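Everything on this sheet refers to the single structure shown next.
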Amino acid sequence: MKAYSATDVGKVRKVNQDTVFCSTDPVGNLPNLFIVADGMGGHKAGDLASRLTVETVVDMVQSLDDSDPITLIGKAIHRANEVVLGKAREAEEFNGMGTTVVVSCIKDGMLYVANVGDSRLYVINKEIKQITRDHSLVEELVSMGQLDRKEARTNKNKNIITRAVGGMKVVMADYFEIQLEEKDMILMCTDGLTNMVEDEEIMGLVKQKASIEVRVANLIQSANNHGGRDNVGVILVES
Numbered sequence: 153m154k155a156y157s158a159t160d161v162g163k164v165r166k167v168n169q170d171t172v173f174c175s176t177d178p179v180g181n182l183p184n185l186f187i188v189a190d191g192m193g194g195h196k197a198g199d200l201a202s203r204l205t206v207e208t209v210v211d212m213v214q215s216l217d218d219s220d221p222i223t224l225i226g227k228a229i230h231r232a233n234e235v236v237l238g239k240a241r242e243a244e245e246f247n248g249m250g251t252t253v254v255v256s257c258i259k260d261g262m263l264y265v266a267n268v269g270d271s272r273l274y275v276i277n278k279e280i281k282q283i284t285r286d287h288s289l290v291e292e293l294v295s296m297g298q299l300d301r302k303e304a305r306t307n308k309n310k311n312i313i314t315r316a317v318g319g320m321k322v323v324m325a326d327y328f329e330i331q332l333e334e335k336d337m338i339l340m341c342t343d344g345l346t347n348m349v350e351d352e353e354i355m356g357l358v359k360q361k362a363s364i365e366v367r368v369a370n371l372i373q374s375a376n377n378h379g380g381r382d383n384v385g386v387i388l389v390e391s
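Everything in the sequence shown is counted per the working numbering, starting at 153 for the first residue and increasing by one.
So, in structure tokens, the structure goes:
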């Protein structure tokens with residue numbers, strides 16, 4: 153297994169609120185662990201929320217005795233929600249802070265995934281398939297048939313998310329279990345990539361004949377070439 157991660161502030165923002173964690177080595181009872189988080193709130197608050205969430209998820213996975221990946225990840229996300237909510241009460245500048253999060257693990261050929269918010273996980277091979285479902289106002293409008301997928305990309309409410317770590321007393325994550333096929337690649341990313349770059353272009357960049365480090369760098373560069381309006385966080389995994 154190979155994996156590589158990177159974040160970039162982009163061309164507009166002054167603070168990078170994206171945090172990533174990437175380990176192909178065991179973390180607690182999990183054989184590997186990958187996390188992407190995209191903070192929201194004031195510049196200090198968003199950065200802190202994403203960092204606290206990633207740190208808490210890693211700490212919880214390391215300390216819990218459970219062996220089932222979904223159980224472990226679920227408990228870790230719930231604890232991260234408590235930590236972010238508690239921190240938000242400490243100072244006015246942290247009030248209302250929150251973050252998206254996508255967590256994944258590969259074990260015995262299965263991909264285990266949890267997500268809150270609109271950061272995404274894709275499985276890429278002969279096609280690009282989004283596994284996670286965006287928790288966003290625009291996605292709800294698309295699901296109800298009030299907005300088509302093409303219009304959704306440029307809708308003014310694109311960045312309004314309906315679930316976040318730190319958003320409510322009880323966080324609701326979605327969970328997925330996917331049987332991986334040979335040569336499947338996993339891409340995890342914040343919306344700083346997907347709002348800037350179309351899925352087909354993302355797939356082409358991921359399938360380039362280049363090192364995994366170069367492909368991640370090219371994904372980030374593409375987001376910046378298309379405007380770089382947000383921070384970009386990316387993890388690419390070759391299973």
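Even glycine gets a Cβ: it sits at the ideal position worked out from N, Cα and C.
What you are looking at is a predicted structure, and each value in this text was computed from that prediction instead of being measured.
- Taking a contact as a CB-CB distance under 8 Å, the pair D190 and S288 does not count as one, their CB atoms being some 12 Å apart.
- Of D286, D336 and L185, the smallest CA-CA separation from K359 is found for D336.
- In this structure, G226 is the residue among E292, K196, V210 and G226 with its C-alpha nearest to the C-alpha of A325.
- Distance from the Cα of A158 is smallest, within the candidate group D177, I372, N377 and G380, for I372.
- For A197, same chain residues with a beta-carbon under 6 Å away, outside a window of 5 residues either side, are F246 and M249 in chain order.
- One Cα belongs to E329, the other to L224, and the distance between them is close to 14 Å.
- Excluding the 5 residues flanking it on each side, D286 has same chain C-beta neighbours closer than 6 Å at D270, in chain order.
- From the listed residues V323, L237 and L182, the smallest Cα separation to S256 is found for L182.
- Look at Q214 here: in three-state DSSP terms it is helix.
- One thing to note: G261 has its Cβ within 8 Å of the Cβ of L332.
- For the 8 Å CB-CB criterion, D170 and S215 do not form a contact.
- Taking C-beta atoms as the reference points, L388 and V368 count as a pair closer than 8 Å.
- Taking the C-beta atoms as reference points, V209 is found nearer than 8 Å to I187.
- By the neighbour-count definition (other C-beta atoms within 10 Å, threshold 16), G380 is a buried residue.
- By the beta-carbon neighbour count (other beta carbons within 10 angstroms, threshold 16), V253 is buried.
- A distance of 8 Å or more separates the beta carbons of V206 and A228.
- Put simply, the backbone Cα of E350 is about 10 Å away from that of S374.
- Cβ contact annotation for A232 (same chain, cutoff 6 Å, sequence separation greater than five): T205, T208, V209 and V317, in chain order.
- A266 sits in a strand when the DSSP states are folded into three classes.
- Among the bridge pairs identified by DSSP, K281 is matched with V275.
- Judged by beta-carbon spacing, D382 lies within the 8 Å limit of G162, meaning their Cβ atoms are closer than that value.
- In its own chain, leaving out the 5 sequence neighbours on each side, no residue places its CB closer than 8 Å to the CB of A243.
- Taking C-beta separations shorter than 7 Å and ignoring five residues to either side along the sequence, the partners of G319 in its chain run G250, following chain order.
- In this chain, the alpha helix (DSSP H) harbouring T346 covers D343 to T346.
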